[in-house]
Amino acid sequence: MGFPGTRMRRLRRNKRIRNMIAETTLTADDFILPLFVCHGEKIRRPVSSMPGVYQLSIDELLNSCSEAIDAGVGAVLLFGIPDTKDEEGRAGYAQSGIVQQAIPAIKKRFSDLYVITDVCNCEYTTHGHCGPVVNGEVVNDKTVEILARQALSHARAGCDMVAPSDMMDGRIFAVREKLDTAGFETLPILSYAAKYASSFYGPFREAAGSAPAFGDRRGYQMDPRNGREALREVQLDIEEGADLVMVKPALSCLDVIWRVRESCNLPVAAYNVSGEYSMVKAAAEKGWIDGDAVMMEILTSIKRAGADLIVTYHAVEAAKLLAKGN
Ligand code: PBG
64 MGFPGTRMRR LRRNKRIRNM IAETTLTADD FILPLFVCHG EKIRRPVSSM
114 PGVYQLSIDE LLNSCSEAID AGVGAVLLFG IPDTKDEEGR AGYAQSGIVQ
164 QAIPAIKKRF SDLYVITDVC NCEYTTHGHC GPVVNGEVVN DKTVEILARQ
214 ALSHARAGCD MVAPSDMMDG RIFAVREKLD TAGFETLPIL SYAAKYASSF
264 YGPFREAAGS APAFGDRRGY QMDPRNGREA LREVQLDIEE GADLVMVKPA
314 LSCLDVIWRV RESCNLPVAA YNVSGEYSMV KAAAEKGWID GDAVMMEILT
364 SIKRAGADLI VTYHAVEAAK LLAKGN
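Numbering-wise, this note's numbering comes out as the position in the sequence shown, counting from 1, plus 63.
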């Protein structure tokens, strides 16, 4: 039946009915908060392109974890900022490395906080690429070996989940095998399965100090022109042993999130990346948009597109708004 029998506005007349029929509900359980941890003490160094985001020494990291927990956020994603870098990224898998120190410190204070670690080399290499470079190219199989070592060192330090974010071929298989051999067969892997070579990562590279010194990441991350290819990446990672798959970035890839959701039955995560965050902050600061409202709309849209989990720098502020009933 069309108009005048059908009137869509009947179910939009007040907040109560709108809430009753809402198809998508955002909760603090959906959020994973990324945190950047560095050496030292009492360090809370602001990332200029990401207002509200800091490089944190472990003592300050604990304060941020405490704030997240108070807001109802139950999971964090750790990125390490080492004090030494080399061609291979050895500091990434050193058992005395910064992430390896941060994990037990968090677990000791907040045993229930779910600690996920980003597994990648770009923060640990002098050239800022995700693995050793030979003739201008990141060497795949050697990188995979290093990543597996890094994942194992995080497992040994006591993390709850590892998240390889490098986009080398075969790394999920290698990480799974390495973990299983060492007795960590119950540790899940969140694969950055469909990760695009995106300009939206710009501010992150300031936060993590991981901008490539030459070239870009198009030789290993996905071409934004491709959607079907994301489904192949996801399929391969599932075959290799991924427990959850991630699409990244989120806002420019809502179609990909949807297609991945439709194509598999694994939990799907989406990474609301640094550039997406910074654009909201910058426009809000100028008074051009209502930052809180835009933030909630973006997060809700990512969930509506099919994401079960959202990695987002907005996690704490969004959780606080949700608690207030917004
Ligand atoms: C590491 C990694 C990156 C991001 C997450 N893990 C940077 C990159 O691939 O260049 C980006 C996150 C963000 O922009 O918020 N490889």
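Note that the Cβ used here is the ideal one computed from N, Cα and C, for glycine as well.
**Q.** Lining residues of the ligand PBG - beta-carbon closer than 5 Å to any non-hydrogen atom, in sequence order
**A.** Cys-183, Cys-185, Ser-228, Tyr-264, Phe-267, Val-336, Ser-337
Q) Looking at C-alpha atoms only, which residue of Val-110, Ser-127, Pro-275 is the closest neighbour of Tyr-187? A) Pro-275
Q) How about the stretch 292-301 and the stretch 205-213: do they share at least three Cβ pairs that are nearer than 8 Å? A) no
Q. Are there three or more Cβ pairs, one per stretch, closer than 8 Å when the stretch 125-134 is compared with the stretch 72-89?
A. no
(Q) Residues in the same chain with beta-carbon distance under 6 Å from Asp-306, minus the five sequence neighbours each way, listed in chain order, please. (A) Pro-251, Ile-252
**Q.** Nearest candidate by alpha-carbon position, reference Leu-98, set Ala-333, Asp-181, Arg-75
**A.** Asp-181
Q.
Using only the alpha-carbon positions, how far apart do Lys-148 and Asn-328 sit?
A. 39 Å
Q. CB Val-178 to CB Val-100, shorter than 8 Å?
A. no
(Q) Quick check on the DSSP output: what are the complete alpha helix (DSSP H) runs of length 4 or more inside the stretch 94-137, in order along the chain? (A) 121-134
Q: Can you say whether Gln-158 is buried or exposed, counting buried as having 16 or more other CB atoms within 10 angstroms of its CB?
A: exposed
Q | contact_flag[the stretch 312-320, the stretch 227-245] where n(CB pairs < 8 Å) is 3 or more | A | no
Q) Which word fits Met-71, buried or exposed, when buried means at least 16 other C-beta atoms lie within 10 angstroms of its C-beta? A) exposed
Q: With DSSP as the reference, label Thr-188 as helix, strand or coil.
A: strand
Q: Tell me, to the nearest whole angstrom, how far the beta carbon of Val-357 is from that of Leu-140; I am working on the premise that it is less than 8 Å.
A: No, Val-357 and Leu-140 are not in contact; Cβ-Cβ is about 23 Å, not under 8 Å.
Q) Looking at C-beta atoms only, is the number of pairs between the stretch 188-201 and the stretch 164-176 that lie closer than 8 Å three or more? A) no
(Q) List, from N- to C-terminal side, the alpha helix (DSSP H) runs of 4 residues or more that fit wholly inside the stretch 263-324. (A) 265-271, 291-303
Q) Per DSSP, which one or two residues make a beta bridge with Asn-335? A) Thr-375
Q. Can you tell which of Cys-222, Ala-220, Leu-210 has the C-alpha that lies nearest to the C-alpha of Ile-235?
A. Leu-210
Q: Report the option in Arg-79, Arg-280, Ala-345, Lys-311 whose CA atom is closest to the CA atom of Val-196.
A: Arg-280
Q.
Please report the straight-line C-alpha distance between Glu-348 and Gly-369, rounded to a whole angstrom.
A. 30 Å
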